[in-house]
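In my numbering, the protein residues as written are 4 to 242. For glycine and all other residues, C-beta sits at the position ideal for the given N, C-alpha and C. On a predicted model such as this, the values are computed, not experimentally measured, just so you know. First up is the structure itself, then whatever we jot down about it.
Written as structure tokens, this is what we have:
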């Protein structure tokens, strides 16, 4: 089932930290993609989109020549032209940033096509150029060599590992300044709803703490009086 506009809007306003807690409560412990970082400081809404996956395997020298890019079915090139708008293109680069997963031209094409973001556990070339584009982009570190040097693009839209997290096509990726988390597709609606409620309470707690209140009985909410104060706060704030 496609991600609804309502759920997408909710996820744009919650943090990966809050989502990680909601997932942890359900027994999910490996959903955060490890060692990926935004190319530019995120501001405003979080990156949200369904996963469209690309998998790399180690390069084989007789197959990985520049001639490979002439093939319109080359998985990397085909993926750039077929990743649906609103989705996040996420790449399994075997956590190897010695060669690029993609570069500025391909990411610019994804942006022009309306893709919501791009993620790799490897590296991007033209990283300064990509950062200037404004599209949410996450990688391990910059990498100038072409992907053909070490990576062989082998498959599109199948289950992958990215930064030690399992990613299935259609799973929902959310990215902010802390990184990228993967929400199993069938849980997206309920996780978004719960995280929205959690965010309201966390904002209330933050405000109280900044005003000098102790976290005892407040975080977590073990004192019923704090819940009464929270209810009044929500009414006042329209939350």
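Bounds of the alpha helix (DSSP H) holding residue 227 are 227-240.
The continuous stretches of alpha helix (DSSP H) do not include residue 60, which lies in the beta strand (DSSP E) extending over residues 50-61. Secondary structure note for residue 140: its beta strand (DSSP E) is the uninterrupted segment 140-142.
The way I'd put it, the segment 148-166 doesn't touch the segment 198-218; fewer than three beta-carbon pairs between them come closer than 8 Å. Between residue 104 and residue 127, the C-beta spacing is below 8 Å.
Distances from the alpha-carbon of residue 58 to those of 172, 212 and 159 put 159 closest. Cβ contact annotation for residue 173 (same chain, cutoff 8 Å, sequence separation greater than five): 53, 54 and 188, in chain order.
Taking each of 24, 133 and 215 in turn and checking the Cα distance to residue 43, the smallest one comes out for 133.
Where residue 12 is concerned, the enclosing alpha helix (DSSP H) starts and stops at 8-14. Following the DSSP letters along the chain, one finds residue 94 inside the beta strand (DSSP E) bounded by residues 90-95.
Assignment of residue 119 by DSSP, reduced to helix, strand and coil, places it in the coil class. Non-local beta-carbon contacts of residue 191 in its own chain, meaning distances under 7 Å to residues more than five positions away in sequence, involve 6, 10 and 175 in chain order. Using a Cβ-Cβ distance cut-off of 8 Å, the segment 30-41 and the segment 74-81 are not in contact, since fewer than three pairs of beta carbons, one from each stretch, lie closer than that value.
Taking 8 Å as the cut-off, the beta carbon of residue 117 is found no closer than this to the beta carbon of residue 178. Under the 10 Å beta carbon count, residue 214 is surrounded by fewer than 16 other beta carbons and is classified as exposed. No Cβ-Cβ contact shorter than 8 Å links residue 110 with residue 147. Residue 156 and residue 60 have their C-alpha atoms roughly 7 Å apart. The DSSP-derived three-state label of residue 27 is helix.
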